Each structure stands twice: as C-alpha cells, then as structure tokens.
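In this note's numbering, the protein residues as written are 13 to 193.
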C-alpha cells in the first residue's frame with residue numbers, strides 16, 4: 013500500500029486496552045477495507061500475561077534507551093499509567109465474572125455464608141492459639157486468654173463536675189485536691 017507521498021505502509025496498528033477490540037469498519041470504503049485488513053495489527057496497551065503489548069514491547073524499551081531525561085520521565089509515567097489502568101480493568105473483569113457466578117442458583121447465599129465464616133477467622137485463630145498454649149505449656153505464665161476489647165463505659169450525667177468540661181478524675185485522684193496533668 014502506498015500513500016500520497018510514496019510512503020510504504022508496513023502495518024496499520026489498532027491499539028485497544030486489552031487488544032481484544034476490532035476497528036469499526038462499517039463506513040470504510042470496500043477497497044480500503046481489504047487493503048487495510050491485510051495490514052491491520054491489533055495491539056494491546058497492557059496484558060495480564062506475557063503476551064506482547066504496548067507497555068512491555070515499546071514503552072519500557074524506550075525508557076531504557078532514552079537519553080533525554082524529559083522523554084525518559086514521560087515514557088516512564090505513561091508505562092505506569094498503562095499498568096495502573098490495566099490493573100483496574102483486570103479488577104473489573106474479575107468482579108464481573110464473580111457477579112455472574114453469584115447470580116447462578118444459590119451461589120449468592122453461599123457467598124454470604126463464606127463471608128460470615130471469613131469474618132470469624134480471627135476469633136477462631138485466637139481460640140486455636142489459646143488452646144495450643146494453655147496449661148502446662150503456658151509457663152512461665154499462669155494462664156492464657158484471648159484478648160477482647162472492652163466497650164467504652166458511659167459516664168452517668170450525675171458524676172459530671174459542673175465546673176469541668178468532662179467526667180471527674182479517676183477515683184484515686186479524687187481523694188483530696190485534684191491534680192491536673
């Protein structure tokens with residue numbers, strides 16, 4: 013294929029993010045459709061595997077070969093952008109597949125049960141650890157127990173000092189004069 017200025021066209025590159033799209037040829041002249049179709053190369057901007065793509069096949073080698081600092085930085089940032097967007101696309105694909113799977117039969121109820129089980133894993137591991145290291149293995153300690161956070165204690169309004177902005181000092185400080193820290 014020759015252009016007006018006698019350039020020889022080796023390929024027509026169609027760049028899409030994952031390389032899975034085709035150009036819309038509906039309004040193309042049939043002559044060009046045939047000529048371009050033979051030279052059309054679809055290239056992915058980013059792929060999740062080792063397939064050739066724009067980032068690993070062109071951007072990264074250009075970054076390595078660039079001698080101009082500005083070009084090196086711009087190309088490096090472009091490569092990072094492609095990688096970031098690729099990870100986002102992969103996450104969307106995974107979530108789409110997951111949602112389709114969840115809509116089949118009773119999978120949504122099963123997923124809810126799995127989520128509840130996963131929420132209890134930390135408690136289960138703590139209990140297993142406690143069981144493994146309880147007497148007599150807990151030496152030099154007297155006992156083992158699983159830590160549980162205490163709920164915050166509400167201070168009754170009657171114990172509020174009318175001159176202060178909050179509850180009174182702990183009882184040990186209430187004997188005699190108050191000390192401020």
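For glycine and all other residues, C-beta sits at the position ideal for the given N, C-alpha and C. Keep in mind it's a predicted model, so treat the numbers as computed, not measured.
Rounded to the nearest angstrom, what separates residue i and residue j at their Cα positions?
| i | j | result |
| --- | --- | --- |
| residue 133 | residue 117 | 26 Å |
| residue 74 | residue 84 | 8 Å |
| residue 17 | residue 34 | 28 Å |
| residue 22 | residue 81 | 31 Å |
| residue 111 | residue 165 | 42 Å |
| residue 159 | residue 126 | 25 Å |
| residue 191 | residue 106 | For residue 191, the predicted structure reports a pLDDT of 47, less than 50, and the residue's modelled location is therefore unreliable. The matter cannot be settled from this model. |
| residue 36 | residue 27 | 13 Å |
| residue 148 | residue 124 | 39 Å |
| residue 146 | residue 136 | 15 Å |
| residue 59 | residue 42 | 32 Å |
Please state if the CB of residue j and the CB of residue i are separated by a distance shorter than 8 Å.
| i | j | result |
| --- | --- | --- |
| residue 130 | residue 94 | no |
| residue 91 | residue 72 | yes |
| residue 113 | residue 119 | yes |
| residue 141 | residue 150 | no |
How close, in whole Å, do the beta carbons of residue i and residue j come, if the pair is a contact with beta carbons under 8 Å?
| i | j | result |
| --- | --- | --- |
| residue 97 | residue 56 | Residue 97 to residue 56, Cβ: 12 Å. No contact. |
| residue 51 | residue 24 | 5 Å |
| residue 78 | residue 87 | 6 Å |
For residue i, which of helix, strand or coil comes out of DSSP?
| i | result |
| --- | --- |
| residue 145 | coil |
| residue 38 | coil |
| residue 121 | helix |
| residue 30 | coil |
| residue 72 | helix |
| residue 196 | Outside the displayed range of the chain (13 to 193) lies residue 196, so it cannot be described from this structure. |
| residue 21 | coil |
| residue 56 | strand |
| residue 186 | Because the pLDDT at residue 186 is just 46, under 50, the model does not fix this residue reliably, and the value given afterwards should be weighed accordingly. It is helical. |
| residue 130 | helix |
| residue 103 | helix |
| residue 63 | coil |
| residue 163 | coil |
Within its chain, find whatever has a CB closer than 8 Å to the CB of residue i; leave out the 5 residues flanking it on each side and keep chain order.
| i | result |
| --- | --- |
| residue 193 | Only weak support is given to the placement of residue 193: the predicted model assigns it a pLDDT of 48, under 50, and the question is left unresolved by the model. |
Taking 8 Å as the CB-CB limit, is residue i close to chain D?
| i | result |
| --- | --- |
| residue 136 | Although the question refers to chain D, the structure presented lacks it and comprises just one protein chain. |
Using C-beta distances below 6 Å, list every residue in its chain close to residue i, excluding the 5 sequence neighbours before and after it, in chain order.
| i | result |
| --- | --- |
| residue 62 | none |
Within the same chain, show all residues whose beta-carbon is closer than 7 Å to that of residue i, passing over the 5 residues directly before and after it, in chain order.
| i | result |
| --- | --- |
| residue 139 | 158 |
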